[in-house]
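J.: Just so we're on the same page, my numbering is the position in the sequence shown counted from 1, plus 3.
C-beta: ideal position from N, C-alpha, C; glycine also.
Quick caveat, the model's predicted, so the values are computed rather than measured.
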Amino acid sequence: MTAVLDARRSMVEQQIRARGIADQRVLDAMRALPRERFVPSRIADLAYEDAPLPIEEGQTISQPYIVGLMLEAARIKPTDRVLEVGAGSGYVAALLGGLAKEAIAIERHASLAALAAARVEAVGRSNVTVRQGDGTLGAPDKAPFDAIIVSAGAPEVPPTLLAQLAEGGRLVIPVGHDVRSQELLVIERTGEHRYDRRSLGHVQFVPLIGTEGWAAGGAHVGTHRAAPAVRIGHHDRQAAARTIADGCEPFESIERAPLDALVARIGHARIVLIGESTHGTSEFYRLRARITSALVARAGFRVVAIEADWPDTAAIDRMIRKRPASALREAMFSRFPTWMWRNREMCEFIGWLARRNETLEPAAKTSLHGLDVYGLNNSIGAVIDYLARVDPFAAEQARERYACFTPWERDPVTWARAVTAGLAATCETEAISTLKLLLEERLRYSRDDADAFFDAARAATVVSEAEKYYRAMYRSSRESWNLRDRHMFETLLALLEHRGPDARAVVWAHNSHVGNASATEMGTHGEFNIGQLVRERFGNQAYLIGFGTDRGTVAAASNWDAPMEVKTVRPAHEDSYERLMHEACRLLPSPSKAFFLPLRAPHAPAVRRELMHARLERAIGVVYRPETELVSHYFEATLPAQFDEYIWIDETKAIEPAELPASFVEASSPAGRPAGAEVPIKDTVPDTYPFGL
Ligand code: SAM
4 MTAVLDARRS MVEQQIRARG IADQRVLDAM RALPRERFVP SRIADLAYED APLPIEEGQT
64 ISQPYIVGLM LEAARIKPTD RVLEVGAGSG YVAALLGGLA KEAIAIERHA SLAALAAARV
124 EAVGRSNVTV RQGDGTLGAP DKAPFDAIIV SAGAPEVPPT LLAQLAEGGR LVIPVGHDVR
184 SQELLVIERT GEHRYDRRSL GHVQFVPLIG TEGWAAGGAH VGTHRAAPAV RIGHHDRQAA
244 ARTIADGCEP FESIERAPLD ALVARIGHAR IVLIGESTHG TSEFYRLRAR ITSALVARAG
304 FRVVAIEADW PDTAAIDRMI RKRPASALRE AMFSRFPTWM WRNREMCEFI GWLARRNETL
364 EPAAKTSLHG LDVYGLNNSI GAVIDYLARV DPFAAEQARE RYACFTPWER DPVTWARAVT
424 AGLAATCETE AISTLKLLLE ERLRYSRDDA DAFFDAARAA TVVSEAEKYY RAMYRSSRES
484 WNLRDRHMFE TLLALLEHRG PDARAVVWAH NSHVGNASAT EMGTHGEFNI GQLVRERFGN
544 QAYLIGFGTD RGTVAAASNW DAPMEVKTVR PAHEDSYERL MHEACRLLPS PSKAFFLPLR
604 APHAPAVRRE LMHARLERAI GVVYRPETEL VSHYFEATLP AQFDEYIWID ETKAIEPAEL
664 PASFVEASSP AGRPAGAEVP IKDTVPDTYP FGL
């Protein structure tokens with residue numbers, strides 16, 4: 004019981020007050036109401052998480068901070084009569100009961116309305132009535148209201164709700180022409196026909212479905228203005244599928260997919276970015292490994308950079324290039340999601356790299372690097388260990404400065420929260436000064452071993468950028484996303500510089516990082532990504548490849564930090580690019596259920612014409628929630644502007660988690676094959692697989 008009270012108190016202090024919500028009545032109301040009684044019992048222990056949570060009927064209970072923000076903006080007095088549209092769990096309705104004289108809450112789903120009513124009653128809020136119905140039409144019998152809170156995203160402000168506001172009344176409502184993204188508006192009625200409005204910033208709510216909201220059944224999925232164009236009828240889909248089938252290069256299996264034409268299209272590009280539409284699909288790992296091995300063996304690519312932590316990947320790089328080993332503070336890739344790099348498919352690829360490198364001169368070997376901004380603790384360890392070897396005095400200085408992160412280094416998220424709440428100091432100066440200390444001695448340090456210096460300097464950069472990243476997470480998801488992708492881009496540039504003027508690189512990351520963000524909904528929200536930055540810097544010298552699938556299984560978790568599960572991927576939404584690809588497969592000669600689809604002009608005029616309209620696209624990350632898929636995993640994109648090529652595999656399987664080997668080279672090359680020849684990846688699996696660490 005005390006644990007729950009503590010969690011609730013800390014939710015109010017750290018998630019709400021620390022972010023600037025100061026209305027004492029709101030804070031008290033949230034401190035008094037048991038939020039765990041408003042979520043399904045199986046996730047009661049997550050009730051005080053800093054996030055929206057899934058509830059019944061595929062809906063959500065809003066993030067506590069957003070609830071606090073909306074309630075404060077509504078300026079509710081004890082004498083007010085208030086309305087909530089979108090009662091969901093009943094949590095906000097119950098809070099309103101504590102703040103106002105009377106509250107009406109309307110919920111569209113009958114079963115949810117009944118549950119919300121029971122939950123509100125169970126906490127003793129007798130001044131709250133929950134009704135089932137279409138809340139966009141308000142409650143004419145109880146109007147006017149002193150405050151109206153709409154807890155779902157509307158395409159426009161419903162005129163009926165405006166009319167039901169009392170003079171001086173406040174309407175707090177998320178509004179956006181995009182079904183998955185809104186601005187949180189506060190509209191105050193200042194006269195009979197006068198309304199003032201201001202914005203509280205960008206939010207993401209489930210859609211408000213009703214007469215003055217979005218149409219049910221996804222008919223307005225996409226945007227209001229684009230709805231008729233985005234909505235794809237059966238006939239249009241057939242035509243688009245036919246064009247795709249005519250323009251694609253089908254293949255039968257990952258192992259036999261012909262790569263010559265793709266390698267020719269890539270031509271002289273300096274950077275090839277290869278995406279994935281999930282973080283847990285075996286076929287994506289295996290085919291991008293085959294493509295990469297072809298680029299390494301045939302086109303002289305010498306850098307492979309992946310969406311992984313720098314120090315952990317550096318440990319693998321040391322193995323595959325036979326550089327001196329160096330210990331990690333935390334086991335390699337032990338941070339969630341462990342399966343992303345500790346898997347059988349990855350073992351096969353790094354085994355191949357190790358064998359290929361074996362007979363090559365150091366400058367010709369392929370290196371493997373992590374682009375991501377995470378991995379704070381291992382990066383701190385890498386910097387100190389390096390300095391201890393080359394300059395013990397500087398190591399001592401670095402140790403003192405990095406002590407700022409102790410005891411948070413294993414849990415930077417908690418640290419950032421504490422900084423936001425004013426309970427811990429930032430470590431910005433300490434991180435930057437350590438990086439400077441290294442860079443100032445660049446010439447001296449790198450004389451003996453330029454690779455080791457480069458490793459340490461990048462690790463120090465990660466510490467400095469991670470420090471900023473974790474703090475930014477508490478300010479805005481856009482800021483932290485952009486910081487992360489800029490860091491990936493700058494790491495890539497540093498790698499190209501380090502490996503020499505003719506270095507060419509392959510990047511592996513999720514589609515949402517490598518597909519040009521400006522061609523997707525992300526761009527509209529002010530987010531960019533490494534794909535966009537690379538495109539802007541390298542133009543046609545960059546080749547962006549996306550991957551997609553319709554159905555099958557995927558390795559993913561249900562929540563952040565939760566265990567990996569093998570989940571079933573739902574067949575793609577009917578308004579998505581994926582559905583078009585799936586239908587195109589039916590038009591291919593059997594048994595092909597996969598293809599390469601060139602999208603770059605001038606290779607694909609007909610396909611570009613057909614696909615150059617925004618449609619839905621699916622992104623499954625390390626978390627997959629099929630039950631709320633449309634809202635949580637689909638976004639709008641224009642495929643031919645996002646990628647130069649799209650690779651489709653209709654049905655796919657989850658990756659297989661596995662431990663990475665301590666040494667790849669001893670794992671022996673398959674007999675009779677020259678080390679490092681380009682081979683189908685499958686052939687490289689050693690008999691002793693999987694290795695122990
Ligand atoms: N305040 C709620 C909470 O914290 O649990 C938020 C619930 S959820 C974000 C939004 C709810 O709005 C969903 O339960 C959805 O069914 C409901 N909804 C959507 N359109 C609606 C409408 N026109 N009328 C009433 N409820 C609606």
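(1) With distances taken between CB atoms, is the gap from Tyr649 to Gly534 smaller than 8 Å?
(2) Where do the N-terminal and C-terminal ends of the beta strand (DSSP E) with Val625 fall, by residue?
(3) The beta strand (DSSP E) with Ala558 in it runs from where to where?
(4) Helix, strand or coil: which one does DSSP assign to Val376?
(5) Got a sec: does the ligand SAM put a non-hydrogen atom nearer than 7 Å to the Cβ of Leu72?
(6) With C-beta atoms as the reference, is Met1 less than 8 Å away from Pro81?
(7) I need the straight-line Cα distance from Ser129 to Gly100, nearest angstrom please.
(8) First and last residue of the beta strand (DSSP E) that includes Arg201?
(9) Hey, is Phe287 close to the ligand SAM, as in C-beta under 7 Å from one of its heavy atoms?
(10) Grouping DSSP H, G and I as helix and E and B as strand, with all else coil, what is Gln167?
(11) From Ala522 to Asp388, what does the alpha carbon distance come to, in whole angstroms?
(12) Let me know the beta strand (DSSP E) ranges lying completely inside the segment 82-141, each 3 residues or longer, listed in chain order.
(13) Mind reading off the beta-carbon distance from Val131 to Ala108? Whole number of angstroms is fine, and I expect it under 8 Å.
(14) Using beta-carbon positions only, say whether Asp320 and Ser382 come within less than 8 Å of one another.
(15) Mind checking who Ala21 pairs with in its DSSP beta bridge?
(16) Measure the C-alpha to C-alpha separation of Asp452 and Ala475 and round it to an integer number of angstroms.
(17) Answer with buried or exposed for His223, where buried requires no fewer than 16 other C-beta atoms within 10 angstroms of its C-beta.
(18) Phe646 by DSSP, collapsed to three states: which one?
(19) On the premise that Trp563 lies in contact with Glu530, defined as a C-beta separation below 8 Å, what is that separation, rounded to the nearest angstrom?
(20) May I have the straight-line CA-CA distance separating Ala230 from Thr214, to the nearest angstrom?
(21) For Tyr51, does the three-state DSSP call read helix, strand or coil?
(22) Tell me, please, whether the segment 278-285 touches the segment 611-625 by the rule of three or more beta-carbon pairs shorter than 8 Å.
(23) Is it the case that the segment 652-660 contacts the segment 552-559, given that we only count it when at least three CB pairs across the two stretches are under 8 Å?
(24) Label Ala6 either buried or exposed according to how many other C-beta atoms from any shown protein chain fall within 10 Å of its C-beta, with 16 as the threshold for buried.
(25) Closest by CA to Val178, which one among Val189, Ala292 and Pro158?
(26) Which residue marks the beginning of the beta strand (DSSP E) containing Lys570, and which one marks its end?
(27) Which residues in the same chain as Asp26 place their Cβ atom closer than 6 Å to its Cβ, once the five residues preceding and following it in sequence are excluded?
(28) List in chain order: all unbroken beta strand (DSSP E) runs of 3+ residues lying wholly within the segment 233-295.
(29) Go to Ser467, then tell me how far its alpha helix (DSSP H) extends in each direction, as first and last residue.
(30) Taking the C-alpha atoms as reference points, what is the distance between Ala47 and Arg40?
(31) Could you tell me which of Phe396, Arg192 and Arg345 sits nearest to Pro147, measuring between CA atoms?
T.: To lay it out plainly:
(1) Here residue 649 refers to the residue found at position 646 when the sequence shown is read from its first residue. Here residue 534 refers to the residue found at position 531 when the sequence shown is read from its first residue. Going by beta carbons, Tyr649 and Gly534 fall outside the 8 Å limit.
(2) As a position in the sequence shown, residue 625 is number 622, starting the count at 1. From DSSP, Val625 is part of no beta strand (DSSP E); its letter is neither H nor E.
(3) Here residue 558 is taken as the residue at index 555 of the sequence shown, counted from 1. From DSSP, the beta strand (DSSP E) with Ala558 extends over Ala545 to Ala559.
(4) Indexing the sequence shown from 1 puts residue 376 at position 373. Correct three-state label for Val376: coil.
(5) Position 69 of the sequence shown holds residue 72. Because no heavy atom of the ligand SAM lies under 7 Å away, the Cβ of Leu72 does not count as near it: no.
(6) Residue 1 is absent from the structure shown; the chain starts at 4 and stops at 696.
(7) On the sequence shown, position 126 is the one that residue 129 refers to. On the sequence shown, position 97 is the one that residue 100 refers to. If I take the Cα positions, the gap works out to 8 Å.
(8) Within the sequence shown, the letter at position 198 stands for residue 201. First-last of the beta strand (DSSP E) with Arg201: Arg197 to Val206.
(9) Against the sequence shown, residue 287 aligns to sequence position 284. No, the beta carbon of Phe287 sits no closer than 7 Å to any heavy atom of the ligand SAM.
(10) By 1-based counting over the sequence shown, the position of residue 167 is 164. Of the three classes helix, strand and coil, the one that applies to Gln167 here is coil, per DSSP.
(11) Against the sequence shown, residue 522 aligns to sequence position 519. Against the sequence shown, residue 388 aligns to sequence position 385. So the two alpha carbons sit approximately 43 Å from each other.
(12) 84-88, 105-110 and 131-135
(13) On the sequence shown, position 128 is the one that residue 131 refers to. On the sequence shown, position 105 is the one that residue 108 refers to. 6 Å between Cβ atoms; contact.
(14) Taking the first residue of the sequence shown as 1, we reach residue 320 at position 317. Taking the first residue of the sequence shown as 1, we reach residue 382 at position 379. Taking 8 Å as the Cβ cut-off, Asp320 and Ser382 do not qualify as a contacting pair.
(15) Taking the first residue of the sequence shown as position 1, residue 21 is located at position 18. Per DSSP, none; premise fails for Ala21.
(16) If you number the sequence shown from 1, residue 452 lands on position 449. If you number the sequence shown from 1, residue 475 lands on position 472. For Asp452 and Ala475, the distance between alpha carbons rounds to 35 Å.
(17) For the purposes of this step, residue 223 is identified with residue 220 of the sequence shown, where counting begins at 1. The predicted position of His223 is uncertain, since its pLDDT is 32 and thus under 50; a value taken from the coordinates is nonetheless stated next. The residue is buried, with at least 16 neighbouring Cβ atoms inside 10 Å.
(18) Counting from one through the sequence shown, the residue named residue 646 turns up at place 643. The answer is coil: DSSP assigns Phe646 none of H, G, I, E or B.
(19) Taking the first residue of the sequence shown as position 1, residue 530 is located at position 527. Taking the first residue of the sequence shown as position 1, residue 563 is located at position 560. About 19 Å separates the two Cβ atoms, so there is no contact after all.
(20) Taking the first residue of the sequence shown as 1, we reach residue 230 at position 227. Taking the first residue of the sequence shown as 1, we reach residue 214 at position 211. With a pLDDT of only 31 at Ala230, under the threshold of 50, the placement of this residue in the model should not be trusted, and no figure is reported.
(21) For this step, residue 51 is matched to residue 48 along the sequence shown. Correct three-state label for Tyr51: coil.
(22) yes
(23) yes
(24) Position 3 of the sequence shown, counted from the start, is the residue given in the question as residue 6. Looking at its Cβ environment, which holds fewer than 16 other Cβ atoms inside 10 Å, Ala6 is exposed.
(25) For the purposes of this step, residue 178 is identified with residue 175 of the sequence shown, where counting begins at 1. When each option's Cα is compared against that of Val178, the closest is Pro158.
(26) Translated into the one-based positions of the sequence shown, residue 570 becomes position 567. It spans Glu568 to Val572 - the beta strand (DSSP E) in which Lys570 sits, taken as one unbroken run.
(27) Counting from 1 along the sequence shown, the entry for residue 26 is found at position 23. Cβ within range, chain order: Glu75.
(28) 252-254 and 274-277
(29) Position 464 of the sequence shown, counted from the start, is the residue given in the question as residue 467. For Ser467, the enclosing alpha helix (DSSP H) has its first and last residue at Ala453 to Met476.
(30) Taking the first residue of the sequence shown as position 1, residue 47 is located at position 44. Taking the first residue of the sequence shown as position 1, residue 40 is located at position 37. Each residue's Cα considered, the two are about 7 Å apart.
(31) Counted from its first residue, the sequence shown places residue 147 at position 144. Ranking Phe396, Arg192 and Arg345 by Cα distance to Pro147 puts Arg192 first.
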